[in-house]
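In order, the protein sequence lines correspond to chains E and W.
Taking our numbering, the leading residue of the first sequence gets 1199, the next gets one more, and so forth.
Taking our numbering, the leading residue of the second sequence gets 1199, the next gets one more, and so forth.
What follows is one structure encoded as C-alpha cells, with my remarks underneath.
There are 2 protein chains.
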Amino acid sequence: MIYDFTYQNPTRIHFGKTALEHLSEELKNFGSNILLVYGKNSIKATGLYDKIMGILNECGKKVTELAGINSNPRYSQVMAGAKLVRENNIDLILAVGGGSVVDCSKGIAAAAYYEGDAWKHYWEEQCPIENKIVPVASVLTMAGTASEMNTGSVITNEEKMLKLGRVFPFPELCPKFSILNPELTYTVPKIQMVSGIFDTFSHLMEQYFSGDDDCTSDYLLEAVMLSLINASRKALVNQHDYEARSNIMWCATMGLNKILALSKTQDWEVHMIEHQIGAYTDCPHGVGLAIVSPAYYRYIYRYGLPKFVRYAKNIWKVDGTGMSDEQIALEGINRLEAFIAELGIPQTLREVGTTEEMLPLIAKSTVKGGGYKKMDSEDVLAVLKECF
Amino acid sequence: MIYDFTYQNPTRIHFGKTALEHLSEELKNFGSNILLVYGKNSIKATGLYDKIMGILNECGKKVTELAGINSNPRYSQVMAGAKLVRENNIDLILAVGGGSVVDCSKGIAAAAYYEGDAWKHYWEEQCPIENKIVPVASVLTMAGTASEMNTGSVITNEEKMLKLGRVFPFPELCPKFSILNPELTYTVPKIQMVSGIFDTFSHLMEQYFSGDDDCTSDYLLEAVMLSLINASRKALVNQHDYEARSNIMWCATMGLNKILALSKTQDWEVHMIEHQIGAYTDCPHGVGLAIVSPAYYRYIYRYGLPKFVRYAKNIWKVDGTGMSDEQIALEGINRLEAFIAELGIPQTLREVGTTEEMLPLIAKSTVKGGGYKKMDSEDVLAVLKECF
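What follows is the structure, encoded as C-alpha cells:
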C-alpha cells in the first residue's frame, strides 16, 4: 500500500569525478557573502580547502569561516555560526565535510534569524519555521547521513547532555545543491568509512521495519540494502575501488533522501537510543547504531515477525527450509551481526566508553517511539544491557 | 559504478485518496489564467471535470479549455494549445488525464512562445529551450508514463507520420506539482490499465538493459519490477484493490522520474520502434511495447548476456540449475512473454492493425539507437517480422 503523502525534494545533485567543476556555476545563483563551514583539519590536509577557496575567490565571494565542527556537532557551534551569519549578512552557507558539517549548517540556517531559544524551539519542541532561512549547500567528503539531500539536523547540546534530531520542513531546508565526488571519500579513515556505511544501512532498516502490507517502498529499501552490502564488501578489500565507493555514496544519498520512505510509518528507535549514547560517549554515530541494532531487533522482532522473515530471506538469503518463522527471523539478525563484525565495527557499548552507571541515564533520556513495538525506559534499558 | 550525473527533480507530488485537497493551495502560487487540458469524455463521465472546475472557480481562476487530446497526442493539438496560451496569457497549464495529456501540455508549454517551427526545433532537432516556458501541473487519472514527474513529451506528427519523444531539460519542464489519487485510475478500461502497467515495465527494462558493472540503479530498477509484477497480479483479480493500484501508480512514477536511471546509459530502442508502430496504427503505447519486447530482447540478449541472466534469476526467479547462461537468459524472456499474456495484452502486430506493407516503412522511420546492440533498419525489420 502507498498511503497518502506529499513529497518534494529540489536539491540538485552533482555526482562524480567532475562534480566539483559545477561549483562556480552554482555560486552564481547566490550573493557574495559565503559562510564556509567545515570540520577539523582533514579538508586542509587533502588540499580540498585550497581548491574550494580558489573557486570562491575566482567567483569574487567574500568568505567567512566556521571551522572545527565536531563529528557530533554542538549546539554551541550552531550558535557561533548563527552569529557569523547575522554579522556578515551571509547569502549562502557552504558546508564542506561529512554529514555532521551539513547538519550543523542546516541548524545555523534555521537558527540565525530566530529571536528566541532556538534549541528549545527547533530541537526540543520541533516547532515550524517562521523566520528567514539562509540557503545551504554542500560539498560532501563522507558518505552516510544523506544530509546532502534531506533536511535533517542532529545537534548535541552539551550542557543538557542531549543529542536531538530535527527534520526541518521540505523543501525549505533541503540543500540548494550538493557536490558528491566519491574520490573525496577515499581519505576518510576506515572506521569512519564503515561507520558511514552502517549509518546508511541503519537508515534503510529504520524505514523498512514497519508495516506488513505490500508496499513498493519496501522493495526499494531492500534494493539499496543489497547494493550496499555488495559494495561494502568490495570497499573493505580496496578503499580506493571507485565502483564500490561510488555505489556506497549513492546508496547513502538514496538511503535517506526520503523518496524510499514514502508512505512508511518507520521505526527510528535505534537512532533515538544511539543519539543518547552519542550524547554520553561522543562515539561515531554509525558505530553506536551498529552496537545497538542486533540487540534491539532481537528485542522487538516478535512484534513484526513476517517482516523480519522477509528481511532474512531477501537480504541475507536465509534458505529457511525446515526452520520456523522465529528461527528464520533470528538467523537474519545473526547475519546482520556477522556483517557488522565483517565491517570491523566494535560490538559492545563498553568498547566506546559507556559505563554501567550511564545505562539508566541513557535509557531515561532516550526519546521513546518505535515501530512494531512502542518502547519505554525499561525496554530501552533491557536493550542497552544486552549490548553492554 | 555510478558514473557522473547531475540530477534535480523539483516536482511536488501529492499522493493518495486526499491528494486533490491540495489543488487549491497549489493554485495560489499561480496567476489567474488557467489552460485546462484533457482528453475525451472520461473526466466528464466520472465527475472529475466538475470537481476540478469547482475548485478552479472557487479559487477565482479564469479557465480556458483544450479538450479531446488523443492517447497519442497530435502536434496539431500542441499547436492549438500554444495558440490558446498566447491568446489568453495563460499562467498555468493544468493537465487532467493520463500521460498523453501531460505530454501534450509540456509540448504546449515549450512551443507556445517559440517563434519558429517548434516541431523541427524541439522534436526533430532536439534543440535547447531559449524561449519563455509556461508552468505545467497535472492531475493524473492513469498510471504508466511518469510524465507527472519528468520532462518527457512524446508527440505524433500526423502529416509526417512521425511519433517523436522529447526529454526537455530538468528541472524547467518538470510539472510544478502533480496530484496522484489511485482511485482516479479505477475507471480506466482494463486494456488501458494493463497498457499502462506494461509501459512502466518497459521503462524499467529500457533503463536496466545496459552496462554489466555493479550499479545501485540496477538494484533499484529490479525492486520496482518486482513490486510491479506483484501488484499487477493483484489488480488483475480486482481492479479496485487500492493496495495494488496505489503500488502500481507509485511504481509508474518512480519508474521514470529518472532517479533510478542515474549513471545508466540505457537502451530505449523498444520505445523507438513502438513510436513508429504507434504513428502508423495509433495502438495504445503500452500494447505496442509489449508486442515488440520479447522479439527485441530475443534479438539482442546475446550482446548483454550477463545482464539477461541476472534479469532471469532476480526478476523471474529462474533457478538455472543445469542450464547454460543462454538457456537461462532465454527462459527469462519466455517468462516476460508469459507475463504479457497474463496481462491479457495482444501479442502480435497484426492484432493492432499493422499490415505487412507497413513493416519496412516502420523499420526505416524508426529512430536507431539501442543498448547492448546498435540497431539499423535491417535489425528493426527482423524484430518486426518476428512479432508480426
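Think of the CB as a built atom: it goes at the ideal place given N, C-alpha and C, for glycine as much as any other residue.
As the structure is a prediction and not an experimental result, all values here were calculated from the model.
| query | result |
| --- | --- |
| Straight-line Cα distance separating L1419 of chain W from D1411 of chain W | 14 Å |
| Partners in chain E for I1327 of chain W, counting only beta-carbon separations shorter than 7 Å | Neighbours of I1327 of chain W on chain E: none; closest Cβ ~18 Å, over 7 Å. |
| Sub-8 Å separation of C1325 of chain W and M1347 of chain W beta-carbons | no |
| Proximity winner among E:C1585, E:Y1497, E:I1513 and E:A1536, relative to G1569 of chain E (alpha-carbon distances) | E:Y1497 |
| Start-end ranges of the alpha helix (DSSP H) lying completely within the segment 1256-1331 of chain W, minimum 4 residues | 1273-1286 and 1297-1309 |
| Alpha-carbon spacing of M1556 of chain W relative to L1282 of chain W, whole angstroms | 36 Å |
| Q1525 of chain W, DSSP secondary structure in three states | helix |
| Within chain E, partners of P1208 of chain W - CB distance below 7 Å | Q1206 and P1208 |
| Chain E contact for K1511 of chain W (CB, 8 Å cutoff) | no |
| Residue interval of the beta strand (DSSP E) (run including H1141 of chain W) | The first residue shown for chain W is 1199 and the last is 1586, placing residue 1141 of chain W beyond what the model contains. |
| Residue environment, M1359 of chain E, which counts as buried when at least 16 other CB atoms sit within 10 Å | exposed |
| Environment of H1438 of chain E [buried if 16+ CB atoms lie within 10 Å] | exposed |
| Local Cβ density within 10 Å of K1572 of chain W, reported as buried at 16 or more and exposed below that | exposed |
| Minimum C-alpha distance to Y1312 of chain W - residue among W:S1303, W:V1337, W:L1547 and W:I1327 | W:I1327 |
| Reduced DSSP secondary structure (H/G/I, E/B, other) of I1489 of chain W | helix |
| Those residues which DSSP pairs with L1378 of chain W across a bridge | W:F1213 and W:L1338 |
| Alpha helix (DSSP H) segment containing R1500 of chain E, residue limits | Neither: R1500 of chain E is in no alpha helix (DSSP H) and is coded neither H nor E. |
| I1457 of chain W and N1207 of chain W closer than 8 Å at C-beta | yes |
| Chain W within 8 Å of H1220 of chain E, Cβ atoms only | yes |
| Beta-carbon proximity of V1392 of chain E to I1543 of chain E, cut-off 8 Å | yes |
| Which of helix, strand or coil DSSP assigns to N1512 of chain E | helix |
| I1353 of chain E - DSSP class collapsed to helix/strand/coil | strand |
| The segment 1561-1568 of chain E / the segment 1454-1471 of chain E touching (three or more Cβ pairs under 8 Å) | yes |
| Bridge partners - K1361 of chain W, DSSP secondary structure assignment | W:T1354 |
| Inter-stretch contact at 8 Å, needing at least 3 Cβ pairs: the segment 1212-1232 of chain W / the segment 1252-1263 of chain W | yes |
| Through-space distance from R1210 of chain E to I1291 of chain E, alpha-carbon basis | 16 Å |
| Inter-residue spacing [alpha-carbon to alpha-carbon] between R1548 of chain E and A1493 of chain E | 14 Å |
| Beta-bridge partners of T1204 of chain E, as assigned by DSSP | W:H1212 |
| is_contact[E1420 of chain E, chain W] using C-beta, thresh 8 Å | yes |
| Contacts around D1574 of chain W, its chain only, beta-carbon distance under 8 Å, and the 5 residues preceding and following it disregarded | K1566 |
| Candidates E:V1490, E:E1529, E:S1430 and E:A1561, of which the one nearest V1507 of chain E by Cα | E:E1529 |
| N1227 of chain E: first and last residue of the uninterrupted beta strand (DSSP E) it sits in | Counting along the chain, N1227 of chain E falls outside any beta strand (DSSP E), and DSSP gives it neither H nor E. |
| CB contact check: T1216 of chain W to chain E, cutoff 8 Å | yes |
| Which listed residue (E:N1268, E:A1308 and E:S1491) has its alpha carbon closest to that of E1404 of chain E | E:S1491 |
| Sequence-distant residues of its chain with Cβ nearer than 6 Å to G1237 of chain E (five each side left out) | I1267, G1295 and V1299 |
| Given H1401 of chain W as reference, the closest of W:V1422, W:E1524 and W:T1383 once Cα atoms are compared | W:V1422 |
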